[in-house]
Structures are given as structure tokens and as C-alpha cells.
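Chains as they are written, first to last, in our numbering: chain P, 93 to 504; chain E, 93 to 504. Notes follow once the structure below has been shown.
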């Protein structure tokens with residue numbers, strides 16, 4: 093691809109995403125739906141103008157990392173730990189139930205081979221942290237109690253998903269599973285999760301020191317993006333999802349960061365606010381690319397719309413996908429309203445589901461029909477919940493005032 | 093390349109560039125030298141850790157586009173036109189003289205074939221608008237009279253360089269030149285140059301309108317980057333250098349934009365300032381990647397340091413490269429101080445010289461020795477002038493107060 097073509101593709105992605113997000117917002121729909129739709133329209137499903145080349149995918153990956161960085165920045169560790177138990181319940185139930193339901197459906201109803209059934213169960217366990225958090229951010233609800241529960245659960249789900257993916261991959265290649273390996277991976281991820289924010293906090297102290305003594309402009313954008321990239325790379329190196337790196341870096345720099353066990357590391361609200369102000373335009377530039385890429389990857393042309401298998405597969409697995417995620421939400425001691433919001437927020441499979449689907453296809457485990465059915469389930473679970481969440485919160489808005497963190501319109 | 097490797101490469105590039113820029117600045121050297129050095133150290137010349145993959149190159153191209161966008165934003169069209177005649181003289185003389193000197197040296201002293209000589213002459217005509225403007229920006233002298241002369245001359249030089257490159261390429265492939273084609277290219281470029289800022293201005297009015305009526309955050313970063321990409325693509329499509337697109341977009345959005353022939357399009361200082369504030373972190377993030385990539389492309393391992401040919405080639409062509417660019421500066425009616433600054437500022441060949449060198453090599457026109465000698469000339473002319481400019485301005489600073497646009501340190 094030559095440079096001018098790359099410029100053109102990026103341009104088309106940015107403009108279409110923004111235009112459709114604007115249209116979506118004016119129609120009362122979530123903005124992220126516009127960005128996903130841009131991908132579906134520009135991609136192989138419809139126009140086929142753009143295929144996600146390596147360079148575009150890299151930009152998209154930076155986009156989701158930065159979104160998670162923003163989520164981390166906005167997170168209050170104290171609140172996250174207060175809702176921790178609920179998050180664990182929601183994550184665990186939302187992981188085990190869809191897996192078992194998917195496995196049972198595939199084995200018993202559709203009579204599929206065990207390996208196919210395992211991968212289908214795995215694909216249903218996914219939670220798209222990107223879609224979910226983006227919708228909550230747009231609704232300014234990422235700081236609400238249910239927002240924190242969902243955030244914690246989605247992060248845990250991502251960890252569980254990576255472990256499961258590694259296990260299934262090992263099983264499909266070697267025919268068996270090495271539990272010692274799995275335990276090692278889990279320990280590394282836990283280590284990363286507890287040590288990364290502390291390390292990031294220490295590094296950020298260094299960055300602040302350089303910032304105070306440097307005359308060169310531009311330290312914060314370079315240093316923050318480097319920090320996010322470093323922790324993403326480190327997470328990957330330790331076997332954890334890369335997203336966790338972005339989240340850990342954001343968490344460490346948030347205004348409301350504190351360390352467990354009373355270790356004192358002064359928070360620096362003024363520095364955090366400068367970071368937020370300067371990172372916001374960068375985050376806003378990159379994140380839409382990610383959601384467009386998710387849309388680009390949903391190839392709906394693969395679906396044979398006339399096949400009865402597809403439709404029964406779609407409906408039954410959709411049911412499993414939704415009920416499985418609601419199971420956990422029903423177990424937590426919250427109001428019905430919160431339970432419903434948490435349940436819906438956990439449903440989107442998004443990019444994580446797509447990773448399972450792609451792996452299953454390229455490894456020759458899914459045939460075209462199963463793959464197409466799964467893509468339909470992923471598309472539906474990804475595209476519908478944002479609408480429902482928006483409707484639910486709009487309903488609430490008429491009952492009580494919003495408790496969000498105020499207008500986030502640019503600048504500030 | 094997998095995503096984690098890409099993250100790691102980008103991380104290494106960003107951190108090394110920043111670290112060496114900081115070191116350079118503390119030693120009193122220009123920051124851009126630190127970024128170029130980062131490329132030389134990380135690249136094939138020394139460590140060989142990083143080769144500029146397609147994705148890194150694309151990010152670098154966005155970086156130089158955004159730098160030119162910033163240059164455009166800071167440009168006062170009225171001033172640029174006031175110094176226009178001097179710019180034309182500097183550009184023309186700085187184009188014709190190095191070409192003739194290089195051609196004569198190659199033909200008469202080194203007895204090289206005509207095609208080789210033509211390409212060597214061509215390579216000497218280049219002016220690195222990136223290096224030159226970056227140094228002036230860092231010294232806060234981009235708005236000075238000599239800064240405007242250099243800017244205009246460098247832009248014109250870029251246009252002339254693209255036309256010459258096309259001509260030489262045609263000559264090397266077809267053995268002849270079609271003057272009608274050349275005239276057409278020139279007319280297109282002129283058209284682009286006059287119409288693009290007007291079009292960009294009209295589009296920016298539209299963006300402002302959307303910005304006023306939209307509730308979604310993030311319009312400015314997305315819209316501005318899209319605008320820059322669009323004009324870069326358009327410039328390319330019309331046969332002009334892509335950089336011109338970034339410059340034209342910046343020019344149109346600058347606070348001091350006005351249209352010729354008294355066409356009234358109200359300037360919007362408040363909107364321009366918001367654009368500057370939000371675009372600055374993005375520009376600061378991307379531009380170092382460009383300068384690192386220039387350093388990565390300077391493969392000094394190709395040079396056989398013991399060969400007498402290389403040294404005589406290097407010294408004579410260096411002389412031609414420097415004298416050729418000074419010729420134009422001597423012809424303008426300015427003080428000696430200004431003439432010397434303009435002369436030095438036009439010397440860096442940078443990325444534009446590298447394009448000639450690479451084309452000559454891949455087309456089999458340059459053998460290894462000629463290519464290596466040329467790389468040495470490009471490296472020297474790229475790395476030394478920033479030091480001289482900084483020294484000259486430091487000298488001046490003791491004589492009179494700076495006339496720059498004030499501190500540009502982040503935020504504001």
C-alpha cells in the first residue's frame with residue numbers, strides 16, 4: 093500500500109465514523125453504533141472499500157489501548173474494590189454459564205464435534221470491554237456503581253477469556269491440557285495486575301520530575317503513549333491481555349489512585365488533570381478507528397440468509413449468550429434496575445468474540461455455516477445492547493438527575 | 093509483525109527520541125538532532141534493532157504532514173507574500189546552482205555516466221523542509237523575516253524537486269522527456285497551491301458549524317486530522333508533494349489567514365486557538381517519529397570509510413551542496429546576518445535528498461560507492477546546519493531580545 097492510499101483509507105474511516113456517529117447521536121442512538129456501522133458499511137459486508145490492513149489494525153489497537161487508559165484514568169480504585177465482590181460474581185457466572193450453555197447446545201442440539209463445541213462455548217464467554225465501557229462513557233455512567241461492577245467484571249472476563257483461549261488452543265493442537273502451564277499463566281497475570289499500577293505510578297513520578305525540569309514541549313503526549321505501549325507490551329509478554337496494560341497505566345495515573353496496604357504515594361491531581369487534557373484529543377482521534385475495525389471484521393456476506401440451520405443456530409446461541417450473561421447479574425445483591433443494566437452491559441461480544449471466531453475459522457475448526465452463525469450472534473449481541481442501555485438510562489433520567497462527572501465536551 | 097512487536101518498536105522509537113532530544117537540549121544542541129540520532133543509533137547504521145516497517149513509515153508520514161500543518165497554522169500569509177520575491181530568488185538559485193554544480197562535478201571530475209550525474213545533481217537540489225522548519229520552530233523563529241523567506245523557498249523547492257524527480261524518472265525509463273506533461277504537472281500544482289487553502293477554509297467553516305451544533309466530543313482532532321489527510325491525498329493525486337497538503341490545510345486555518353483579491357472570509361481567532369490547543373499534543377506525538385525514521389534511513393554502514401573515492405566525492409559534493417544553496421541567499425537584498433541564516437537553513441537535504449538517493453539506488457543508477465558518498469553528504473548537510481543555526485541565534489540573543497511568539501510549552 094502506498095502512503096497516499098493509506099492516507100485515503102484512514103481519512104475515509106475517520107470521516108465515515110464521525111458522520112455516522114453524529115447521525116446516530118441525533119437519532120437518539122449510541123454514537124458507538126455509528127462507528128460500528130461505518131465499519132460494516134465500508135467493509136466486506138457491504139461496500140468492500142476498505143479491508144483492515146496491518147497498519148490500520150495497529151492504529152485500532154492503539155485506539156482500544158487508549159480507551160482503556162481513559163477508563164483507568166476515570167476509575168476510582170476504592171470504588172472498584174468496594175464493588176469487587178459483585179464484579180467477581182458477575183464475571184465468574186458470566187463466564188461459566190455461557191460456556192456451559194454453548195457447549196451443551198452445540199453438543200446436544202446441533203451434534204457438533206467436541207472441539208467445535210468447546211470453541212463455541214469459549215466464544216460465548218467473551219465480553220467486549222471496549223463496547224461496554226464506551227457506551228457507559230458516552231452516557232457518563234462509567235463512575236456509577238453499576239458502571240464499576242461492569243468494569244471490574246469485564247476486566248476479569250478478559251483475563252479469563254485469554255486463559256481459556258490459550259487452553260483451547262493448546263487442546264486443539266496438542267490434544268490435551270497442561271494444568272501447570274495454566275496455573276503459571278494465571279499467576280503471571282495476577283502479578284501483572286497487582287504490580288503494574290504500582291510500577292506505572294512510580295514511572296509517572298519520574299515523568300512528572302522530567303516534565304518539571306524540561307524546556308522541550310510535548311513530554312506528556314509522548315510519555316503517556318509510551319507508558320501505555322510499554323504496559324501493553326509487558327502484559328502481552330506475561331501472557332495477559334494487552335488491554336490490561338492500558339487499563340493499568342490509566343489506573344495508576346488517575347486522580348483517585350491509592351495503593352493497598354496503606355503504601356503512601358501522593359496523588360497529584362494537578363498533574364493528572366494536565367494529562368487528561370492533553371491525552372483527550374489523542375484518545376478521541378484513535379478510538380473510533382478501533383470500533384470501525386470491529387465493524388470491518390464482521391463479514392455479514394459470509395451468512396447464507398436462507399439456510400434454516402443458520403437461523404436456528406443464531407436464535408438458540410443468542411439465547412444462550414444473553415441468558416448466560418444475565419445469570420451473574422441476577423446473583424448480586426443490587427436493585428433490579430442495576431441487575432438489568434449490568435446484565436445488558438455484559439452481553440456485547442464485540443472484538444473478543446471475533447477473536448474466538450477468527451481463530452476457530454483459521455484453525456479449520458469452524459465450517460462456514462457455524463462461523464456465519466457465530467458472526468450473527470456476535471453482531472447482534474454487539475449492536476443491540478448499546479441501544480437498550482441508552483434507553484434504560486434515558487428512562488432513569490426522567491426520574492432522577494444524572495450523577496455523571498459533568499460535560500466532557502472537548503477542551504476543558 | 094504482531095501487535096506486541098509493533099507496540100515495542102513504537103515505544104522504543106518514542107522513548108529514545110525523547111531521551112536523546114532531552115540530552116541534546118541540555119547540551120545546548122537542537123532537539124531535532126537528538127531525534128535524528130535516535131534513528132541512526134536504533135537503525136542499520138549502529139544497533140540494527142529497528143527497521144522502518146510500513147506501519148512505522150506511515151506514522152512518520154503523518155508526523156511530517158502534521159508538522160507542516162503546524163507550520164501553516166503559524167504562517168502569516170501576508171508576511172509570506174511580502175517576502176515572496178526573496179523566497180523565489182532563494183528557491184530558484186538554490187535549485188539551479190546545486191543541480192549544475194553537482195552535474196558538472198559528476199561529469200567532469202568523476203567522469204560518471206550522464207544519467208548518474210543528472211540524479212546526483214537532482215539529489216543536491218533538495219531542501220528538507222522538515223528539518224529546516226523544525227529547527228526554526230524550536231528556536232521560535234518561524235515567524236521572523238528570514239524564517240518566512242526560508243519557508244517560502246523550501247515550499248517552492250519541494251515543488252521543483254517533485255517536478256525534477258518526475259522528469260529524471262521519465263528520462264531514465266523512456267530515455268526522453270515530454271515537456272507537455274511537465275507543463276501539465278506544473279499547472280496542476282499551481283492550481284492546488286492557490287485553490288487548496290481556499291477550499292480548506294470553506295471546509296473549516298463547515299467543521300466549525302458542526303462543532304457548534306454537536307454534542308459528541310472529539311470533533312476537532314478527528315476533523316483536523318481528516319482535513320490534513322484529505323489535502324495530502326489531493327496533493328498527491330494532482331502530482332504535487334503530499335506535504336503541501338498539510339501546509340495548505342494549516343495555512344487555511346491559521347489565525348492570520350486572508351484571501352487574495354479581497355475575497356472576504358472572516359477569520360475565527362477563537363476557533364483557531366482551540367484547534368491549536370487540541371492539535372498540539374497530537375502533533376507532538378507524531379513528529380518525532382518522522383525524524384527518527386529519517387535517521388533510520390541513513391544507513392552509514394554502507395559507507396566504506398577507507399576508500400579515497402568516498403572522501404573526495406564527499407568533500408567536493410558537500411562543497412557543491414553548501415555553495416549551491418548559499419548562492420540564492422547572497423542574491424537577496426537583506427543584511428549579511430539574514431543572508432547567512434537563510435543560506436544555512438536551506439542546506440539540509442534530509443528526507444528529500446534520501447528520496448533521490450533511494451530512487452537512484454533501487455533503479456540501479458547509483459553503484460554502492462556513489463550511493464554511500466551521497467548518503468554521507470546528506471547526513472552531513474542534515475546534521476550540521478541545525479547546530480549552526482542554533483549558535484547564530486544564540487549569538488543574536490545576547491544582542492537583542494527574541495521576537496518569537498512566546499513560550500510554546502504544552503497546555504496553554
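Each residue gets a CB set at the ideal place from its N, CA and C atoms; glycine is no exception. What you are looking at is a predicted structure, and each value in this text was computed from that prediction instead of being measured.
Can you list, in chain order, the residues of its chain whose CB lies under 6 angstroms from that of residue 152 of chain E, leaving out five sequence neighbours each side?
Closer than 6 angstroms at Cβ, skipping near neighbours: 381, 382 and 385.
Given residue 499 of chain E, which residues of its chain have a CB within under 8 angstroms of its CB, disregarding the five upstream and five downstream residues?
Here residue 499 of chain E scores only 41 on pLDDT, less than 50, and its place in the model should not be relied on; the value that follows carries that caveat. So no residue of the chain qualifies.
Mind checking if residue 478 of chain E is an interface residue toward chain P, Cβ cutoff 7 angstroms exclusive?
By this cut-off, residue 478 of chain E is not an interface position.
Note down, one range per segment and in chain order, each alpha helix (DSSP H) of at least 4 residues found wholly within the segment 198-251 of chain E.
Runs found: 206-217 and 221-230.
Between residue 227 of chain P and residue 459 of chain P, what straight-line distance do the alpha-carbon atoms span, to the nearest angstrom?
About 33 angstroms.
At 8 angstroms on the CB atoms, spell out the chain P contacts of residue 117 of chain E, in chain order.
Per Cβ cutoff of 8 angstroms: 306, 307 and 308.
Under the three-state reduction of DSSP, which class applies to residue 142 of chain E: helix, strand or coil?
Residue 142 of chain E: coil per DSSP, three-state reduction.
Is there a Cβ from chain P that is less than 7 angstroms from the Cβ of residue 123 of chain E?
It does; some Cβ of chain P falls within 7 angstroms.
Which chain P residues are close to residue 361 of chain E, counting only those with a beta carbon under 9 angstroms from its beta carbon?
Correct list: empty, because the minimum Cβ distance to chain P is about 15 angstroms.
May I have the straight-line CA-CA distance separating residue 108 of chain P from residue 182 of chain E, to the nearest angstrom?
Each residue's Cα considered, the two are about 43 angstroms apart.
Pick from E:249, E:194, E:376 and E:265: whose alpha carbon is nearest that of residue 154 of chain E?
Checked all of E:249, E:194, E:376 and E:265; the closest Cα to residue 154 of chain E is E:376.
Helix, strand or coil: how does DSSP classify residue 130 of chain E here?
Here residue 130 of chain E sits in helix by DSSP.
If we ignore side chains and look at the alpha-carbon of each, how far apart do residue 353 of chain E and residue 287 of chain E end up?
For residue 353 of chain E, the pLDDT reaches just 48, beneath the cut-off of 50, and the residue's location in the model is therefore unreliable, although a value from the coordinates is still provided. Those two C-alpha atoms are separated by around 13 angstroms.
For residue 253 of chain P, tell me which candidate among P:186, P:406 and P:171 has the shortest Cα-Cα distance.
The shortest C-alpha separation from residue 253 of chain P is found at P:186.
Report the residues of the segment 143-160 of chain E with a CB closer than 7 angstroms to any CB of chain P, ordered along the chain.
Residues 146, 147, 150 and 153.
Would you list, in chain order, the members of the segment 364-375 of chain P that have their beta-carbon closer than 9 angstroms to a beta-carbon of chain E?
Those residues of the segment 364-375 of chain P that come within reach of chain E (Cβ to Cβ, closer than 9 angstroms) are 366, 369, 370, 371, 372, 373, 374 and 375.
Secondary structure at residue 441 of chain P, three-state DSSP: helix, strand or coil?
Here residue 441 of chain P sits in coil by DSSP.
Can you name, in chain order, every residue of its own chain whose Cβ lies under 6 angstroms from the Cβ of residue 289 of chain P, other than the five neighbours on each side?
So the list reads 340, 343 and 344, once near-sequence residues are dropped.
Can you say whether residue 454 of chain E is buried or exposed, counting buried as having 16 or more other CB atoms within 10 angstroms of its CB?
Result: exposed.
What is the DSSP secondary structure of residue 332 of chain E, counted as helix, strand or coil?
The answer is coil: DSSP assigns residue 332 of chain E none of H, G, I, E or B.
Is it the case that the segment 98-108 of chain P contacts the segment 444-452 of chain P, given that we only count it when at least three CB pairs across the two stretches are under 8 angstroms?
With the cut-off at 8 angstroms, the segment 444-452 of chain P and the segment 98-108 of chain P do not touch.
Specify, as a first and last residue, the run of the alpha helix (DSSP H) that residue 403 of chain P falls within.
Note, residue 403 of chain P: alpha helix (DSSP H), 400-423.
Determine, for residue 328 of chain P, whether the minimum Cβ-Cβ distance to residues of chain E falls below 7 angstroms.
Closer than 7 angstroms: yes.
Can you pull the chain P residues whose beta carbon is under 8 angstroms from the beta carbon of residue 96 of chain E, in chain order?
Those within 8 angstroms of residue 96 of chain E in chain P are 324, 325, 328, 329 and 334.
Counting only the same chain and skipping the five closest in sequence on each side, list residues whose C-beta sits under 6 angstroms from that of residue 391 of chain E.
Within the same chain, residue 391 of chain E has close Cβ partners 136 and 137.
Specify whether the segment 304-316 of chain E and the segment 366-376 of chain E touch according to this definition: at least 3 beta carbon pairs, one from each stretch, less than 8 angstroms apart.
The answer is yes - the segment 366-376 of chain E touches the segment 304-316 of chain E, with three or more Cβ pairs under 8 angstroms.
Can you give the Cα-Cα distance for residue 225 of chain P and residue 371 of chain P, rounded to whole angstroms?
Looking at the two C-alpha atoms, the distance is approximately 18 angstroms.
At a CB-CB cut-off below 8 angstroms, which residues of chain E make contact with residue 114 of chain P?
Within chain E, the residues near residue 114 of chain P are 302, 306 and 308.
Less than 7 angstroms between the C-beta atoms of residue 198 of chain E and residue 189 of chain E, yes or no?
Their beta carbons are not under 7 angstroms apart, which means residue 198 of chain E does not touch residue 189 of chain E by this criterion.
With a CB to CB cut of under 7 angstroms and the five nearest residues on each side skipped, what residues in its chain are close to residue 443 of chain P?
220, 222 and 386.
Using 7 angstroms as the limit for Cβ to Cβ distance, is residue 496 of chain P near chain E?
Note that residue 496 of chain P scores 43 on pLDDT, short of 50, meaning its location in the model is unreliable; the coordinates nonetheless yield the value given after this. Taking Cβ atoms only, chain E never reaches closer than 7 angstroms to residue 496 of chain P, which makes this a no.
If residue 131 of chain P sits next to residue 388 of chain P, beta carbons under 8 angstroms apart, how far is it from one beta carbon to the other, in whole angstroms?
That pair is a contact at about 4 angstroms.
Just the Cα atoms here: how many angstroms apart are residue 298 of chain P and residue 161 of chain P?
Each residue's alpha carbon lies about 19 angstroms from the other.
Would you please state the rounded distance, in angstroms, between the beta carbons of residue 373 of chain P and residue 373 of chain E? I believe it to be under 8 angstroms.
Yes, residue 373 of chain P and residue 373 of chain E are in contact; Cβ-Cβ is about 6 angstroms, under 8 angstroms.
What is the C-beta distance between residue 216 of chain E and residue 244 of chain E, in whole angstroms, given that I count them as a contact (C-beta under 8 angstroms)?
The Cβ separation is near 20 angstroms, so there is no contact.
State yes or no: is the C-beta of residue 411 of chain E within less than 7 angstroms of the C-beta of residue 472 of chain E?
Not in contact: residue 411 of chain E and residue 472 of chain E (Cβ atoms no closer than 7 angstroms).
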